[in-house]
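Asker: Position 124 (the sequence shown) corresponds to 124 in UniProt numbering; numbering is contiguous.
We put the beta carbon where it would ideally sit given N, CA and C, even for glycine.
No experiment lies behind these values; they were computed from the predicted model shown.
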Amino acid sequence: MSGRLAGKVAIVTGSGSGIGQSIAIRFASEGATVVVDYRNNIETSQETASKAEAAGGKAILVRADVTNLADTQNLVNQAYQQLGRCDILVNNAGIEKNAPFWDVTEADYDAVLNVNLKGAFFLTQAFVRRLRDAKLPGRIINISSVHEDLAFPNFSSYCASKGGMRTLMRNLSVELGPLNITINNIAPGAIATPINTKLMEDKPKLDALLKNIPLGRMGTPDEVSGVALFLASDDAAYVTGSTYYVDGGLIRNYHEQ
Ligand code: NAP
């Protein structure tokens, strides 16, 4: 198949819903074979795989909880065993927990940091080790958040995880550059996905947020996957160490209500 990602294999974590699902389908539509990673929801992940195939690419499903090191190693191994290569990693899986700082529990802190930061850290390590051994180039794309930079009261563990992801990305751009492996973050603002179900059902809160967004609306998962496609493609060969905001201008105009 032709396309901007023809012949490439991409792992997309948490691709059974939302932004990850859109990225998997978008990559497949450009000729990639995608490894659809999921934790709980096999039905929606199968839907991702079917849509990826309908879009013209190929897909395999692998269950991996990114907080579990053995799972992350197996995820990369499955790409090599079943598909013979692995060129692109998208660290998309993420969760958030809402609580004032003084009420955050150790369990919630661990849950958020383990998925959003530790998971991405060790999956990236497994991905890089195979490329380094084979002396092959690669692409890493992290789905961080505007909150890798912007304050978000009552989401301190989420901000810590995404801020950590920003510094990790900057550090790895230096460390992995000599291996011809690039790494960049995409920082979405408010995107209409299941993670925002509560917000989208709370009209006063949603209206207040929309006033902060210069473009006046939430974004769609496809508006994020378009940037992911650019970063995975040959057009971004010289791009590393950067964050791309996909936020309708939110970061320039945010006020807590
Ligand atoms: P979503 O639909 O809730 O997607 C999150 C995905 O992560 C789910 O498919 C979930 O799978 C997966 N996941 C969670 N824990 C996992 C684990 N331990 N191992 C493997 N997969 C796991 O929400 P989304 O908006 O698409 O979120 C995707 C990313 O975008 C997240 O990193 C989020 O922080 C980031 N982001 C989103 C927004 C937004 O406004 N939507 C804004 C900024 C950043 P299961 O359902 O199987 O648990």
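Checking the sheet assignment: what are the DSSP bridge partners for Phe155?
Answerer: Position 155 of the sequence shown, counting from 1, holds the residue named residue 155. Ala99.
Asker: Looking only at C-alpha atoms, which of Thr220, Leu69, Ala190 sits nearest to Phe122?
Answerer: Here residue 122 refers to the residue found at position 122 when the sequence shown is read from its first residue. The residue with the shortest Cα to Cα distance from Phe122 is Leu69.
Asker: Looking only at its chain, what residues have a beta carbon closer than 6 Å to the beta carbon of Arg4, apart from the 5 residues adjacent to it on each side?
Answerer: The residue you call residue 4 lines up with position 4 of the sequence shown. For Arg4, where only same-chain residues beyond five positions count, the Cβ hits under 6 Å are Glu30, Ser233.
Asker: Hey, quick one: how far does the beta strand (DSSP E) through Pro194 stretch, first residue to last?
Answerer: Position 194 of the sequence shown, counted from the start, is the residue given in the question as residue 194. First-last for Pro194: undefined, no H or E at that position.
Asker: Return the Cβ separation of Ile191 and Met218 in integer angstroms, given the expectation that the two are a contact with Cβ distance under 8 Å.
Answerer: As a position in the sequence shown, residue 191 is number 191, starting the count at 1. As a position in the sequence shown, residue 218 is number 218, starting the count at 1. Sure, about 6 Å apart at Cβ, within 8 Å.
Asker: Going by the C-beta, is Gly177 closer than 7 Å to any heavy atom of the ligand NAP?
Answerer: Taking the first residue of the sequence shown as 1, we reach residue 177 at position 177. Every heavy atom of the ligand NAP is 7 Å or more from the Cβ of Gly177, so no.
Asker: Quick check on DSSP: helix, strand or coil for Thr72?
Answerer: To locate residue 72, count along the sequence shown from 1; it is residue 72. It is helical.
Asker: Have a look at Ala111 and Ser242 and give me their C-alpha separation to the nearest angstrom.
Answerer: Sequence index remark: in the sequence shown, residue 111 carries index 111 (1-based). Sequence index remark: in the sequence shown, residue 242 carries index 242 (1-based). Cα-Cα distance, rounded: 27 Å.
Asker: Answer with buried or exposed for Lys205, where buried requires no fewer than 16 other C-beta atoms within 10 angstroms of its C-beta.
Answerer: Here residue 205 refers to the residue found at position 205 of the sequence shown. Per the 10 Å Cβ criterion, exposed.
Asker: Would Leu89 pass as a contact of Phe27 if the rule is Cβ separation under 8 Å?
Answerer: Taking the first residue of the sequence shown as 1, we reach residue 89 at position 89. Taking the first residue of the sequence shown as 1, we reach residue 27 at position 27. In this structure, Phe27 does not lie closer than 8 Å to Leu89 by Cβ.
Asker: So who's on the other strand from Lys58, going by DSSP bridges?
Answerer: The residue you call residue 58 lines up with position 58 of the sequence shown. Answer by DSSP bridge pairing, in chain order: Thr33.
Asker: From Arg139 to Thr182, what distance separates their C-alpha atoms?
Answerer: Working through the sequence shown from its first residue, we reach residue 139 at position 139. Working through the sequence shown from its first residue, we reach residue 182 at position 182. Their backbone Cα atoms lie some 5 Å apart in a straight line.
Asker: Is it the case that the CB of Arg39 approaches a heavy atom of the ligand NAP more closely than 7 Å?
Answerer: Walking along the sequence shown from the start, residue 39 turns up at place 39. Arg39: yes, Cβ under 7 Å from the ligand NAP.
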